[in-house]
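Each residue of the sequence shown is one higher than the one before, counting from 521 in the numbering used here.
Reading through the structure tokens given below for one structure.
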Amino acid sequence: QLSAHVADLIAAGEVVERPASVVKELIENAIDAGAKNITVEIQNGGMTFLRVTDDGCGIADEDAETAFLRHATSKIRKQEDLEAIHTLGFRGEALAATAAVSHIDLITKTADAPLGTSLHLDGGVVTEHEQVGCPNGTTILVRNLFYNTPARMKFMKRDATEGSAVFSAVQKQAMAHPEISFRFIKDGTQELHTAGDGELMSAIYAIFGRNDAQNMLPVQSHWEKTSISGFVSRPTATRGTRAYQQFYVNGRYVKNRLLSSALEEAYKNQIMVGRFPACVLHITVPETSVDVNVHPAKTEVKFLSEKDVFDCIHYGVLSALNKASGRVAMELPKKPAAQNPPLPVSGKPYTPPKPATPPAKPVLKQDFFRTMSAEEYRSLQTVLDDKPAAPVKKETVKAFYDLPAKTEAPAPAKIEAPAPMIAAPAPVQSVQLREPEQQALPMEEVSYRIIGEAFDTYIIVEQGKTLLLIDKHAAHERILFEKLKAQKLEIMSQVLLEPILCSLAKEEAAAVLENTALLEKLGYFCEDFGDGTVILRRIPADILISDAEASLSALAGQLLSGKQTSLDSVRDELLHTIACKAATKAGYHSEPRDRERLVQEVLSRDDLKYCPHGRPICITLSEKQLEKQFKRV
């Protein structure tokens, strides 16, 4: 049987990994004590000096020493209490584990006590106990962490790294409890101070900064007995990692793959591969339907009904994204500092040059069908657009951005000239689409004026006091993708004249051969050739032969990792490729009537916000922003 001291050190290793672990435990005790203000101070990354001060209920003098004993707690008393944990701490291990590997000073006082209590502990042993004058609440000072466990000390990182981990722990608690004011002081410098006004956005603003806070969307959802609230990032403000995904269950920060999956599922077809949304989401569930006693640090939880939690997050975030505007405001550089005018060489007063006289507007001619240069066309368009465009009336508009269909030549009498779509470099001849059967889209009343097209890529539109820049490729790609996805057509495949031998890893080949039925629905027909080689006899019609092996290998990787194994998920990825190939390309000139149709479609539909890869379709530039750049205001 191990001695009590060795057992304490082992327990400390489970709970106290680094200074950030100590801060987390002490802050949770302060929150459970009802504190409204919590201050965290550290020096040298928290290894030599770490102090947490709160204005909570304090500890009675007779309970002060007991609080540092293992499994001594005031938060549960019987077995039934474990079925409904409503506090952040409950095991009674945090203070005992911290005291076992450090020097601790405690000063605490309850509201009804005339004097407070002061304790000093070395390695978990109380060496001083006296009464002192102090304010209500508790202050715990931890010095020389891991002084008696050199094996743990050598695993600690640089002071800057440990200090950043402590800062992160304070930030998580500040977002978990916006009703509490948090202060963080590092080496004598205050680095964080939250308002404690109960508004989650106030905490996000103080922690993430103004730019990130402005790119967050509010979320509010209720599903069965589960509810969520908080904020998620716009699809254009995603991150390269999941580090900015913060989930809180009943006020407790947790790590759970289910929650991340539900969040990212809502962003499907709206963000680029390898990008992840950020969030600060509070999940509220009945205390009896969640188990928080599955990890020593209580950072992992288990849900009684995972489906309800998944659906609540998924549909709540999806609703927030659908309600949000898809127009992204253009970010212009800040106003530069005013510069003095150049001094004249002659010494005479400087006279600014007179503004040039604007050229006379060109005379409108009736020869509309002649060929003209770009400059002539812009001058002509200016004359035509002097009169504001009339609002587009609500009417039923046929979806016109179809993929070109491969059809037999009909009888001449039945030929109807279709409206020309935006020019694409090469039409895709292998995809055949029926006449759209979905309900036609109602056009809203929108008033705008198309100014022109920049770089044969961005359509410039004036609407009210705002300039809109529409990425025609991204817009057309999204329109095609939504049409293909809504029609639920089978993916067409092409038979290869010469089969392709694909050399895959043995694990990839096994995954492909085990899912041949799924792959056939996606347009792939393959057979085993032995030793990790697979014969491809058919591939999706819109995949280049040169890309066939790479696309099959990518699908095999998804099957091996367990990601996107459903038919719908993999089908969406192929539809991304089809829509991207068929959409008008950036850099190709579009006819004015094609631009008009694309603009009408974008401005009249709320679902055209981002392309399938997550790039914005439309960005805005306000008149006020322009006036600031030209120093008119």
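C-beta: ideal position from N, C-alpha, C; glycine also.
{"query": "Cβ pair count under 8 Å reaching 3, the region 546-562 against the region 629-641", "result": "no"}
{"query": "Whole-angstrom distance between GLU537 and ALA617, CA atom to CA atom", "result": "10 Å"}
{"query": "Nearest-angstrom Cβ-Cβ length linking ILE833 and ILE748, presumed shorter than 8 Å", "result": "6 Å"}
{"query": "Exposed unless 16 or more other CB atoms sit within 10 angstroms - verdict on HIS1096", "result": "buried"}
{"query": "Reduced DSSP secondary structure (H/G/I, E/B, other) of SER967", "result": "coil"}
{"query": "When PHE975, ILE970, ALA1037 and ASN789 are compared against GLY984, the one with the closest alpha-carbon", "result": "ILE970"}
{"query": "Beta-carbon proximity check, THR986 vs LEU783, cutoff 8 Å", "result": "no"}
{"query": "THR714 classed as buried or exposed, judged by whether at least 16 other C-beta atoms fall within 10 angstroms", "result": "buried"}
{"query": "One or two residues paired with PHE823 in a DSSP bridge", "result": "VAL810"}
{"query": "Sufficient close CB pairs (3 or more, under 8 Å) joining the region 1112-1122 to the region 1062-1076", "result": "no"}
{"query": "Buried versus exposed, by CB contacts within 10 Å (16 or more), GLU1028", "result": "buried"}
{"query": "ALA631 in three-state terms, based on DSSP", "result": "coil"}
{"query": "Limits of the alpha helix (DSSP H) - the one that HIS993 falls within", "result": "992-1007"}
{"query": "Backbone CA spacing between GLU1018 and ALA1102 [nearest angstrom]", "result": "25 Å"}
{"query": "Reference HIS525, options ALA1031, GLY643, ILE1137 and VAL829, closest by Cα", "result": "GLY643"}
{"query": "Beta strand (DSSP E) segments (min. 3 residues) lying fully within the region 715-800", "result": "736-743, 746-753, 765-769 and 772-774"}
{"query": "Simplified DSSP assignment, three categories, for ASN557", "result": "strand"}
{"query": "Backbone secondary structure at CYS832 - three-state DSSP", "result": "helix"}
{"query": "Beta-ladder partner(s) of GLU982, from DSSP", "result": "ARG969 and LEU987"}
{"query": "Segment contact, 8 Å Cβ cut-off, at least three pairs: the region 783-803 with the region 760-772", "result": "yes"}
{"query": "Close Cβ partners of PRO738 (< 7 Å) along its chain, the five nearest in sequence each way excluded", "result": "PHE751 and ALA840"}
{"query": "Beta-carbon contacts of GLY576 that lie in its chain and below 7 Å, excluding the five residues immediately before and after", "result": "ALA550, ALA553, GLY554, ALA555, GLY657 and THR658"}
{"query": "Cα-Cα separation between HIS993 and THR977, rounded to whole angstroms", "result": "7 Å"}
{"query": "Cβ shell of GLU820 (< 8 Å), same chain only, five flanking positions each side left out", "result": "VAL774, LYS775, ASN776 and VAL814"}
{"query": "C-beta neighbour in chain C for LYS1151, strict 8 Å", "result": "The structure shown has no chain C; it contains just one protein chain."}
{"query": "Nearest-angstrom Cα separation, counted from GLN599 out to ASP804", "result": "Note that residue 804 is Thr in the sequence shown, not Asp. Using only the alpha carbons, I get a separation of about 23 Å."}
{"query": "Three-pair Cβ contact test at 8 Å for the region 698-711 versus the region 678-689", "result": "yes"}
{"query": "Closest residue to ASP1051 among LYS1026, TYR787 and LYS1041 (Cα-Cα distance)", "result": "LYS1026"}
{"query": "Where ARG538 sits in the DSSP three-state scheme", "result": "coil"}
{"query": "Cβ-Cβ distance between ILE624 and ILE660 below 8 Å", "result": "yes"}
{"query": "Burial state of THR761 (16 or more Cβ within 10 Å)", "result": "exposed"}
{"query": "Contact belief for ASP1127 with GLU1002 at Cβ below 8 Å, rounded distance in angstroms", "result": "7 Å"}
{"query": "Where ASP581 sits in the DSSP three-state scheme", "result": "helix"}
{"query": "GLU1121 - containing alpha helix (DSSP H), residue span", "result": "1112-1124"}
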